[in-house]
Structure formats: structure tokens, C-alpha cells
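Novice: Residue numbers (our numbering), protein chains in the order written: chain Z, 4 to 244; chain R, 4 to 244; chain Y, 4 to 244; chain X, 4 to 244; chain L, 4 to 244; chain D, 4 to 244.
Cβ atoms here follow ideal geometry from the backbone N, Cα and C, with glycine treated the same way.
Here you go, one structure.
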């Protein structure tokens, strides 16, 4: 099974990190390829970045030539998943919803710890429309930007601090609220004493599940195939899809 | 007061029609300028188009040189409004939410009649996250594509047919669910016997209200000014914002 | 355009203050007239006052001879708006909902700061049934009675203190939770650093919007014209409407 | 135990009918007294009537000299219960909420069949704020006005017809949606084959329960004792409470 | 009227205490009989105990030979009520929902104070599905196990401490969150200054109300009579019901 | 990886069928063992059966000697999953929630088609408390009992008929609402033209995902280890756990 994992930003190092996280989760027969958008934001933090990222990632998927069986979209709280479902004939799993789906199986309420506070609202909306907001006890920020996460010690400390707030609000399970945090789930889980779900790994597993069961996105209604029409992807860009 | 109205697609004729609708609603001291994105879909119908449109419209606003006091985003159910709020220092009003806000003042439940059925889900999500989904009795489609709306008689007939379904679900007020329907509100209202709100006009009035009261988008939390960083707007595009 | 603004209590000074607030918001072609109910409570604080006020205000509107184009009901959280919609042929805007509608356009969550804690529940219910409760982060009291608001310095201090609580609960925009606070929006906004919406001004603008767009209350369903019948308005009162 | 039952309108015959219904439900040690407001609407159908009724009923309770242990407010969907809770030192039960509370114990979803369609919205709001809206499958009208209910055969036929609609929506229990229907519960239940709850009887039983358990309305928060102030109850009326 | 009260656990002393509480609430013509399950947990604290208790209590009811008119299920938050409604021809009232129904009549929001924190989630779910979760401000634990409640002074102190938390969350009425707390309502109410509802007494009163009004569980839909089939009740058990 | 799949009833043939469905979904390194409860109902249809089943399945798990890495509970809408999470040290996945989790990834709204109408309410509650009810468009019955499902042609016809109703309500994906339907997903999907999720396969995949990622049930809060105490499992049964 071939899974493509799309980074939501143009930072190649982050794609590599995400791919490492995805591969660590992938089953024996699964190959993981990372896709870095050719355009978009260097990191996605807030609504403007998220909408720019959505278009860039969709353009990247639209023009990806290599065959694959499923897509994992690795932008926590970032937009675009429904567009990818329309566009593609293979299952699409977003790491935001993926983490929540698994977290719901491990505790009665889960909480998300993300980067900047400004991203919390987006994540809440993303969980809500994905249908998994009901058991979310809260989404909190660490105050760290996406590109500051490379300092692991600092990230872990900030995560543990912020985790206290969602724990107090009732969270029994935690979710790493940024693709750039992938790989920290175990060290953080040990420190906070509750299970911690990494969205990248969760999405890989859910993508494997869907492909393994032969399930595909419904074409009835919302995610019907987009009609052919003129679409221009960016200033200098062109083509239609 | 100068209001910029952004079309969500690249079809210039539609921009002109939207501008006509906006001017018909604008107060005496208001000037209306239409902006057609330089890229994006030729019509926005579904999630893929919506996300492409969001980035294109944000890019258009980002690079618009002329000064203005408020923005009206004329894509019914299209994404992007929160990004524009982050980006700009002036009030931003989306026609989807605008129509719903006014409709809530005219009846206990409102309904939306839009173009293709595939767009209904997006509109529902847009109303929900805007905070005005509670009194929405339903969103229904006419089966007409955006570029088919120029046939007014057919559009009116399809609208009236579809309206029956949301009326049965409890709607006491109707909303024109596409910017391309602007101008039809009166003829439709006469035929269905309930008030019909046009989002374009509603958004112009709400933008005038916000500017008139000196109100600006909050910078506390979600819509904080985006940090400066590298952002590439499309394949050939460049620049940062 | 002629807008009638109804005070929810019998205190003439408050009517004058509300009219001042309304006129400050009104557009050039709008005239504002204040109506003080001939009966009812001297200030509306709690459910008993609110229900008494509702009947008194409806009676005042019912017997108002002068022509007008829209009504603004200036009781924050007070009952009656749906009755006025049934009764009258012109648009009716309540300051509670009005403030919330505009606040939703300025931030992802808004909060209300009102007078006594006892009024918070009423306001919550009013926002909920108006269809704009979803994005309300909280309603908090200052501990000040309606008739204590004339001491502006004290009111501002109490408002700023209480505002902290809704800010902590996620409010990015604040609403003045009493008609008697009208005029304080700017000074308070400067102190708390977020936009502050005054319901009186907001309702005037929304009334202007509805009238400007030629929109009227729906007569289909809930707000159908009341049937003629015997109605006695108060102990010594009489007449039918 | 002395229970006062307030009619929501000025029609004495209806008070008598309600009192009959209340007495049929009352336990051996309970005496029931009916109160007809001295003013208000001759029948309550819609928001205008409801708000007028609320003030009139509160005035009636305020000026009632005889001692009593609990109040039953017999206006289905009519406003005022929270005001009575503030005003009085004895438990207050509204027939709308009472019917719903008992209906929840008899089936997973209940439905309400009321008089005119225009009243449905009010009833929905009343159930929602009372905290028992969650398991309501629907509120439907029979098309009969309150004063038309004296024709029992016609009322039963209309009720049975309307009941089908809420049954289809999932209702397993029905509620008589008007005090004027009291006494019909058995004949209707036989015809539709599900339990039918009469709000008047339900409220009497709940009032007896509260008094029997020594429970009183909370004074902490919302229903705190109203402050003494000038309140004028109607045009010619006077006094403060 | 004969009411059977089922304990949710096998501790005979607790049955006796519950029966005392039930009799204190019962009307003059009501006899109360306690049933202790022959199997199940010695105290119900958490999901495992609750599910075990549900089956044991249903088995006890199924094999109870003496006639009765209603059942009160005295396990706060424990499962099983819907099964008893299917099984029996008499009304069934669970103390969890009963307390909430009455609490809703006494204040705008209520709170529950229970034993161990681990039980809070179950109680929240129980209130939600019973249709009375909307006005619940919170469920909090005292940290005391069910079998520790016999130390009344300690229980009262722990209750008062915990009550502060739900009061802060908006509760205006409190509910004793364990059958084993029955009898403490008055002493606790005096200490916290708000009404306190005991579920055992509340359920007795609601059972009396239903029987008094001749109301029975609906057989339409969810609570239809269970089909005859082979059912084995426990390891050594047998029989079908 | 060793997965134990528990049947919710005592019918051995159904266990075998479920095991076949589970094995068809399981990955190469996964072994599946079926467990048939030694007691309980011969088929679970309704609340009484569900609660009996819950205790019997928990008893079966409690006394299962062989080691395993995860549990799949194969009762659609049946109770007990939270108890198993408390009891066991390995992940527990219920087929109801599992099907919904995957269905949410394939369409914007999903619908469930189950056996008897009487089971619909239970399933709705199960989805709601699992946190995945938000995107459920409806749960409908086929009118077939669990033990009638062996007639595949009839089941498929009844499923397709019932599916129309949830499709009309907006479902874009369907869920097989009974473990006994496992294996029918493909034939049904072809007939109705939308993806159909089998809960048994879905749960196996989710269990594999959790184990593969090293995730365990949270012990913080709701699913804390049950305290040691006396618990008797059925009439003749004994032991404590």
C-alpha cells in the first residue's frame, strides 16, 4: 500500500520529520512518500496560512504523477480535506480528525495541545465539522510557533504545562496538535500519565484501515467528482482540473 | 465609504452582476468596487473550488493597492473570511453569514436555496461556524450550476420549487444561496410569499454598519495579525505577506 | 427613515440617554424618536421586570400614533421582541440580538458584560432563541444595578473587571449588556483592547439595513398577524388590538 | 395543600375547565383554586398574547390575598414562569415543562400537539429553556384556535390527525399542547395507542411533589427575590412590588 | 399504591437506608418495599459495576413475585432503566433523572455532587440520554466511596466542599448524587444555602404522579415489550423472560 | 497481534459468522478468536437484552484465560464498552463506534441500517456518547430480527429498502447496523451506490491501529481500574473482580 503524506507548508525539513513519523506508524506492507507543496506558507499558523496551504496542497495532489492508494494530510487544523476527497479517487485522512477518532476510543474526553493560541479556533472548527468535536474537552496552545518545535526539550516542557489546562477541563487523553510534534507522543505520555495520540501516526493507521477494507470516499452528495471547468492555480499557474 | 466586493471566481460578468447588486443596496455615501481574482475557478461549486477560491481571493485582497474601508466577500458558502479578517485592517463581511444575520431578524427560522446540491454541506458548515446555524431550517439546492443562473426565468422557477422544501422544514424567511442570484430577491419573494434576503445586499449593509460604528475586527486571539513569513501564492507566484 | 426606540422602563432620563446613543449611530437620513412606556418597571432587572416591561412596551407600541419605519427595542435581555414582530408591519430589532449579530462579524467568540448577575440567565436565553448563542463565550455581571450606571467612572471600572472573566472564557469581542451603558463603548474598548459593541447603535444600524433593503418581518408562521380579539392592557386599561 | 392554578387568559369558562382538570389530578389533601387574570387576552395564541398574558398573570399572583402552597401556571407555551419564581416564595410549575418532564419518563421521545401552528415556535422555545427540549420529537398544530376546543369531537379528530406527524418524527408519548384540552388525554390515548400527558394534571402532581418534599425555588442566582422598586402594572394601574 | 425500590448493589444496609428515604417521601397511601439484588456488586462505582448492577437489578425485577404499581431504581447514574421499562407493565423511575426533573423546576441550572470522580461521566451520560442534561451545570465528586457515606459528618463536609465547584459553574440547585446520601438533603441545604434534591424522594414522588395520573410506559417504539426468547441470567442462572 | 471478538449473545453460529467477518478484515499478523458468552440472550434486540448482554460479555472477558492484545465487542448498539475499558489493560473497540469513526472519513453524513426499529434508539444513544453522533443522518430499521438475517437475499432487499430513508435524510455513507450483517457490505454497497461500512471489520482495523501505535486506554478519570470489591456475576455465580 502506498500512502502519500502531504506537508501543509513548504519547509522540506518538516516534510522529512512527518515522513519519519508516518513510517514509524506504517505497517510492513506500506510505503510512505512525503509531498512538499511547491508553494504556500513556510509554516501554517492561523487562518490565512491555512487557506493558502489548502490550495497549495490540493494543487500538489492534483499534479502528483506517481500512483498512491491513500492520502494523509499532515496539517493539524488546516483546511482542505473535503477538497481532496472530491478531487481524488483514494481515501483521504486528515491528521486532525484522525487523532480525534483514535482518542475517542481511549478515554471519555480528549484534549488537544497545539502551537500558538491563534490556531485553537481553527482546530475546534475542524474537529466539529469532522464530527468528532463532541468529546473534545478543549484545545489549548503552548505559545510555541511551528518552526520553534525543533527544540524538543522546550516543546515537551511547554506541552506538559499546557496539558494541565485540558486535563483540568476533563481530558483523559491528549492529542499532539501539530504535525511537527510527531515523535514526541511517548515522552510526553510518560510525563503527563495519560495516552497521547499523534495525528500523523493515527492518520496512517486509518488510511491503512480504509484501504485494507476496500472503502472509498462516497461520491453521493458532498464529495461528488468536481465538474471539469477552468481553474487557475496561482498567479503564474494554469491548467484545469 | 469605500467597499470592495470580491467575486469568488474569475468570471468577470459575475463580478459585474455582484457589483450591480451591491450598488443597489449601498447607501448614498458608499462607493463599491468589484475585484475579480486573477486566478482560481471560473465558478465555485463544491469544496475544491471553494478552497482554490479562498486562496485566490486572499491573494487578490493582499495585492489590492487601492484604499478601502470594508470588504464584502461574495462567495456563498465559500471559504476564506477568517483569513481576510487576519490579513486586513478593515471589517470583512461574508455574504453567507450576512444573509443569515438579517434573516434571523425577520423570522424564527430561515432557509437557504442554493445552486447545486453538492454545495449544501459547505453552506451548512459556513453558517454553523459563523455562529448563525441554530435557526437555519435547511439548505437546499435548485440543481442549477452557477453559470446557468443567467437564465432568470429558469432560475426563478427552480428557486420557487426548491423553496417549498425548506418552507416545509419550517423556514419563514428565505436566503438567496449564491451571489449570482443577486437581484432576484424581489421577484422570488413575491412568488413565495415570504421575505427573501440577498447576501450581497445584506453584506453591504452590514459592512456599512460596522464602518459607521467605527468597529474593527478584534486582534485578540483568533484574528491576530499574521506573523511575517515566507508565503508563496501559486506556482509562478512569489512574495510574502 | 424614522426609527422609534423603546425604553424598557419608565425612567425618562434613560430614554434620553438611549436616544442620544441611537442618534450617534444613525445615518444622515434617519430620525430617532424615543418612547418611554407609560407603565412598567422603573428599571428592568430580572425576569419579573422583564415580563412586565414586555407588556408595557408592546402596549406603548400598540398605541403609538406617529408613523415610523422600524422599531429598536432597547432592553438588553428583556422579553417582547417576537410580540412586536407579530404586532407591527415594520422591522423590529432588539438590542440584545443586534449586538450579538455584529459581534459575530468581529471575532470568533464574543462576551457580554451586563449589570446584575441575576440578569445573565435571561440574556443567555435571549441570545439562544435569537439564534446567536453559539458563539457567545459567556455573559457576566458587573454587580451594578441599572440605575447605578450614571456613575461613569465606576461603571467603566466594573466593566473592565468583569470583562476579564469573559476574555478568559474566550471572548474576542465584548458587548455592552445594558442600554444604559450606551456611549461607553469607546472608552471601554480602549481599556480592554478589544472591540466593544453597543447594542443600541447596532440595532439602529440593523434597522436601517432592513429598511434600506426593503425587508419586512415574515408573516408566514410564527410572526403571523395576531387575530383580532379582546385584549385588556393592564388593570385600568382597555381596548383591543 | 393549597394549589393555585392561573389561567393565562381572561375567559372564565376556561379557568373552570382547567380547575376541573387540576382537581381530577390532585391528591386527597390538595385543594385547587383557579385564578382568572383581571386583564390580558381572552385567549393566548401567539407571542403578543403570551407576553400580555405573562404580565397579567404575574399581576394576578402579586395581588392574590389568599394563602397557597404552590402555583400551577396553565398557559401552554406561555411566558412568565421565571417571573413567578422570582416573585413568590412557593414552588411554581408551568404546564408546558410539567407535561414534558413526565413524558420523558414514559418514552424515549415525546411530541406536542397544540392549537394553531403559530404557537409551535413558542412552545419549542419554552421546552428548550426549561431544559427538556432534547427529547422532544416535534411540536405540531391542529389548526384549531383555543376557543374552538369546546367542540370535543372535532378537537379529538384534529388531534389524532396531527398526532400522526409527530409519531412519524419519532414521538412515543404525546402531550396535550393547550390547557383547554385538559380532560381529553384518555380518549385521545385510546385512539392513538400511546400515552398522552395532560400538562395541567402533570403540573399539579409536580407541585404536590415539590411541596411534599419541602423543596422551594432557589434564591441563588437567577430567581433571587426582586428588589423593591417602582413598578406600574398597566395603564391605570399602580403600586409597586 | 405499592412502590418497589431497587437497590443497585447487594448491600442490605443500603437498601434499608434507601427504603427509609423513600418512605419519608411517600404519600399516605403509598407502601414502599425494598429489593436487594441477589447478585451484582456490593457497591456500584464506575462502569463495570454499573453494567453488572443493571443486569442484576433487571433479574431481580423479573423474578419478583409480589405485585407493585411502580418501580424506583435507586442507583444514581447506574444503567438499566430503559430495560426495566421494556420488561415491566408499570412505570419505572430512575433516581438520576428524577432528581434532575425536579431540580429543573427550582432553578435555572442544577449541579450534581456524587461520590467518586470516576462516576461523574456516567451520570452525565445518564442525564443526557434522559433528556435533562441541558440545564446541568456540572457533576462533581466528593472523593468518597459509596460505602464511606455512613460517616455523615465527613460526607456533609465533603459535599459542601464539592458543592462550591458546581455553584461556581452556575448551579442554583444541587442534587445528591448517590442513593446512599438520601436523608442528607436538609442538613446540606442549610449549609450551602440552596435547595438540595434527593433522587430517592424525587423518584418516589414522580412514581406516585405517574400512577396517580394513570400513565404507563409507551409501548410504541423503543420500549416495546421484549420478544420471548432464551435468556440466561448469570453463570448458574437460567430461565427465559 | 491477538484480537478477541466477543459476540453479544449466546448463539454460537453468530460468533462464527462474526469471526469470519473479523478475519476477513484482519491484517496478516493478526489472529482472531471468538468468544461466546456462557450466558445472556440468544440475540440482543432492545434494552433488556442489551443490559443482560453487557454483563454477560464483561463476565466472559473477566474469566477469559488466554492472553490477547485487544478486544472487539461485536454487539451493534449494545452496552458494555466502557466497563470493558475499565476492566481490561488492552484496547477495547465497539463495532458501533468503529463503523461510525470510519464512516465519518468517507462522507459528510452517514446513516445506520439496523434490524428491528426498537433498536434504533439504543444505537443513537451509543453513537452520541461515543462522540460520533454529530454526523449521523439517521438510524433506521429493516424490520428483521437478528436471527432472521441468515436469509441473505431477504436481508439485502430489506437493507436496500431501508437505506433509501437514510439516504433521503442526507446519509452519504451507510453502516451495517448489526454484527450479524457482516459480510454483506460489498453486495449492499453495489446495490445502493455508496460505501457501506461493516462494524466488525472496522473495529478490527481500529484495534490493530491502537495496538500498532502502542496506545492504551486512559486510566485517568472515567476508565480508572475498578477497585477490588465483592462482585457476584449471576444467580449461581460468584467470585470477585
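Is it the case that the region 192–199 of chain D contacts the region 133–144 of chain R, given that we only count it when at least three CB pairs across the two stretches are under 8 Å?
Specialist: Because the criterion of three Cβ pairs below 8 Å is not met, the region 133–144 of chain R and the region 192–199 of chain D do not touch.
Novice: Which residues in the same chain have their Cβ closer than 6 Å to the Cβ of residue 14 of chain L, if we skip the five residues on either side of it in sequence?
Specialist: To locate residue 14 of chain L, count along the fifth chain from 1; it is residue 11. Cβ neighbours of residue 14 of chain L beyond the five flanking positions: 45.
Novice: I need the boundaries of the beta strand (DSSP E) containing residue 140 of chain R, first residue and last residue.
Specialist: Indexing the second chain from 1 puts residue 140 of chain R at position 137. Start and end: 139–144.
Novice: Would you mind telling me which residues of chain L sit closer than 8 Å to residue 94 of chain D, beta carbon to beta carbon, in chain order?
Specialist: The residue labelled residue 94 of chain D in the question sits at position 91 within the sixth chain. Within 8 Å Cβ-Cβ: nothing; residue 94 of chain D doesn't reach chain L, min ~16 Å.
Novice: What does residue 208 of chain D touch in chain Z if you count any residue whose Cβ is under 9 Å from its own?
Specialist: Position 205 of the sixth chain, counted from the first residue, corresponds to residue 208 of chain D. The contacting residues are 208, 209, 211, 212, 213, 215, 216.
Novice: Using three-state DSSP, classify residue 234 of chain Z as helix, strand or coil.
Specialist: Counting from one through the first chain, the residue named residue 234 of chain Z turns up at place 231. Reduced to three states, the DSSP call for residue 234 of chain Z is strand.
Novice: Under 8 Å, do residue 82 of chain Y and residue 82 of chain X count as touching if we go by C-beta distance?
Specialist: For the purposes of this step, residue 82 of chain Y is taken as residue 79 along the third chain, with counting starting at 1. For the purposes of this step, residue 82 of chain X is taken as residue 79 along the fourth chain, with counting starting at 1. Yes.
Novice: Taking Cβ-Cβ distances shorter than 7 Å, what residues in chain L pair up with residue 134 of chain X?
Specialist: Position 131 of the fourth chain, counted from the first residue, corresponds to residue 134 of chain X. Ordered by position in chain L, the residues that pass the 7 Å Cβ test against residue 134 of chain X are 107, 135, 137, 138.
Novice: Are any of the Cβ atoms in chain X nearer than 8 Å to that of residue 26 of chain Y?
Specialist: The residue you call residue 26 of chain Y lines up with position 23 of the third chain. Chain X contact via Cβ: absent.
Novice: Tell me which residues of the region 184–202 of chain R have at least one Cβ-Cβ distance to chain Y shorter than 7 Å, keeping chain order.
Specialist: If the cut-off is 7 Å between Cβ atoms, the region 184–202 of chain R has 196, 197, 198, 200 near chain Y.
Novice: The alpha helix (DSSP H) spanning residue 17 of chain D covers which residue range?
Specialist: Here residue 17 of chain D refers to the residue found at position 14 when the sixth chain is read from its first residue. First-last of the alpha helix (DSSP H) with residue 17 of chain D: 15–28.
Novice: Residue 159 of chain Y and residue 119 of chain Y - do their beta-carbons sit closer together than 8 Å?
Specialist: Here the question's residue 119 of chain Y lines up with position 116 in the third chain. Here the question's residue 159 of chain Y lines up with position 156 in the third chain. Taking 8 Å as the Cβ cut-off, residue 119 of chain Y and residue 159 of chain Y do not qualify as a contacting pair.
Novice: Using a Cβ cut-off of 8 Å, pull out every chain R residue sitting near residue 43 of chain Z, in sequence order please.
Specialist: What you label residue 43 of chain Z is simply residue 40 of the first chain in a count that begins at 1. Ordered by position in chain R, the residues that pass the 8 Å Cβ test against residue 43 of chain Z are 234, 235.
Novice: Could you tell me whether the Cβ of residue 223 of chain X comes closer than 8 Å to any Cβ of chain L?
Specialist: Indexing the fourth chain from 1 puts residue 223 of chain X at position 220. Yes, contact with chain L.
Novice: If we cut at 8 Å on Cβ distances, does residue 9 of chain Z have a partner in chain D?
Specialist: Walking along the first chain from the start, residue 9 of chain Z turns up at place 6. By this cut-off, residue 9 of chain Z is not an interface position.
Novice: Determine the burial state of residue 94 of chain Z: buried for a count of at least 16 other Cβ atoms within 10 Å of its Cβ, exposed for fewer.
Specialist: Against the first chain, residue 94 of chain Z aligns to sequence position 91. Answer is buried; the Cβ neighbour count reaches 16.
Novice: Which two residues bound the contiguous beta strand (DSSP E) that contains residue 105 of chain X?
Specialist: Taking the fourth chain and counting its residues from 1, the one referred to as residue 105 of chain X is at position 102. Segment 98–107 is the alpha helix (DSSP H) holding residue 105 of chain X; no beta strand (DSSP E) there.
Novice: Between residue 72 of chain Z and residue 6 of chain Z, is the Cβ-Cβ spacing less than 8 Å?
Specialist: One-based indexing of the first chain puts residue 72 of chain Z at position 69. One-based indexing of the first chain puts residue 6 of chain Z at position 3. For residue 72 of chain Z and residue 6 of chain Z, yes; Cβs fall inside 8 Å.
Novice: Please report the straight-line C-alpha distance between residue 163 of chain X and residue 169 of chain X, rounded to a whole angstrom.
Specialist: In the fourth chain, residue 163 of chain X corresponds to position 160, counting from 1. In the fourth chain, residue 169 of chain X corresponds to position 166, counting from 1. About 10 Å.
Novice: Under the assumption that residue 48 of chain L contacts residue 157 of chain L (Cβ atoms under 8 Å), give the Cβ distance between them as a whole number of angstroms.
Specialist: One-based indexing of the fifth chain puts residue 48 of chain L at position 45. One-based indexing of the fifth chain puts residue 157 of chain L at position 154. No, residue 48 of chain L and residue 157 of chain L are not in contact; Cβ-Cβ is about 17 Å, not under 8 Å.
Novice: Among Y/69, Y/137, Y/116, which residue has its Cα nearest to the Cα of residue 133 of chain R?
Specialist: Locating residue 133 of chain R in the second chain gives position 130, where the first residue counts as 1. Ranking the options by Cα distance to residue 133 of chain R, first place goes to Y/137.
Novice: Return yes when the C-beta of residue 79 of chain L is under 7 Å from any heavy atom of the ligand PLP, and no when it is not.
Specialist: The ligand PLP is not part of the structure shown, which contains no ligands of any sort.
Novice: Given this structure, state the Cα-to-Cα distance separating residue 8 of chain X from residue 211 of chain R, to the nearest angstrom.
Specialist: On the fourth chain, residue 8 of chain X is found 5 positions in, with the first residue counted as 1. On the second chain, residue 211 of chain R is found 208 positions in, with the first residue counted as 1. Using only the alpha carbons, I get a separation of about 51 Å.
Novice: Whose C-beta lies closer than 7 Å to the C-beta of residue 30 of chain D among residues of the same chain, with five residues either side of it excluded?
Specialist: Stepping through the sixth chain from its first residue, residue 30 of chain D is reached at position 27. 211, listed in sequence order.
Novice: Assign residue 228 of chain L to one of two classes, buried (16 or more other C-beta atoms within 10 Å of its C-beta) or exposed (fewer than that).
Specialist: Locating residue 228 of chain L in the fifth chain gives position 225, where the first residue counts as 1. So residue 228 of chain L ends up on the exposed side.
Novice: For residue 77 of chain L, which three-state DSSP category applies?
Specialist: Walking along the fifth chain from the start, residue 77 of chain L turns up at place 74. Strand, per DSSP.
Novice: For residue 135 of chain D, which three-state DSSP category applies?
Specialist: For the purposes of this step, residue 135 of chain D is identified with residue 132 of the sixth chain, where counting begins at 1. Coil, per DSSP.
Novice: Using CA atoms only, rank isn't needed, just tell me which of L/116, L/77, L/38, L/57 is closest to residue 70 of chain L.
Specialist: Within the fifth chain, residue 70 of chain L is the residue found at index 67, counting from 1. The option with the nearest alpha carbon to residue 70 of chain L is L/38.
Novice: Which chain Z residues sit within Cβ distance under 8 Å of residue 111 of chain D?
Specialist: Position 108 of the sixth chain, counted from the start, is the residue given in the question as residue 111 of chain D. Residues of chain Z passing the Cβ test: 85, 224, 225, 226.
Novice: By DSSP, does residue 222 of chain X sit in helix, in strand, or in coil?
Specialist: Residue 222 of chain X sits at position 219 when you count from the first residue of the fourth chain. Here residue 222 of chain X sits in coil by DSSP.
Novice: Counting only the same chain and skipping the five closest in sequence on each side, list residues whose C-beta sits under 8 Å from that of residue 152 of chain D.
Specialist: Your numbering for residue 152 of chain D matches position 149 in the sixth chain. Only 118, 158, 181, 183, 184 meet the Cβ criterion.
Novice: Opposite residue 197 of chain Z in the DSSP bridges: which residues?
Specialist: Position 194 of the first chain holds residue 197 of chain Z. Residue 197 of chain Z is not bridged to any residue.
Novice: By the DSSP assignment, the alpha helix (DSSP H) with residue 170 of chain X in it spans what residues?
Specialist: Start at 1 with the first residue of the fourth chain, and residue 170 of chain X comes out as number 167. Unbroken alpha helix (DSSP H) run through residue 170 of chain X: 155–171.
Novice: Are the beta-carbon atoms belonging to residue 64 of chain R and residue 101 of chain R less than 8 Å from one another?
Specialist: Numbered from its first residue, the second chain carries residue 64 of chain R at position 61. Numbered from its first residue, the second chain carries residue 101 of chain R at position 98. Taking 8 Å as the Cβ cut-off, residue 64 of chain R and residue 101 of chain R do not qualify as a contacting pair.
Novice: Does the beta-carbon distance from residue 220 of chain D to residue 124 of chain L come in below 8 Å?
Specialist: Sequence index remark: in the sixth chain, residue 220 of chain D carries index 217 (1-based). Sequence index remark: in the fifth chain, residue 124 of chain L carries index 121 (1-based). For residue 220 of chain D and residue 124 of chain L, no; Cβs fall outside 8 Å.
Novice: Hey, residue 176 of chain R and residue 130 of chain R are a contact pair by Cβ (cut 8 Å); roughly how many whole angstroms apart?
Specialist: For the purposes of this step, residue 176 of chain R is taken as the residue at position 173 of the second chain. For the purposes of this step, residue 130 of chain R is taken as the residue at position 127 of the second chain. Not confirmed; about 13 Å, so no contact.
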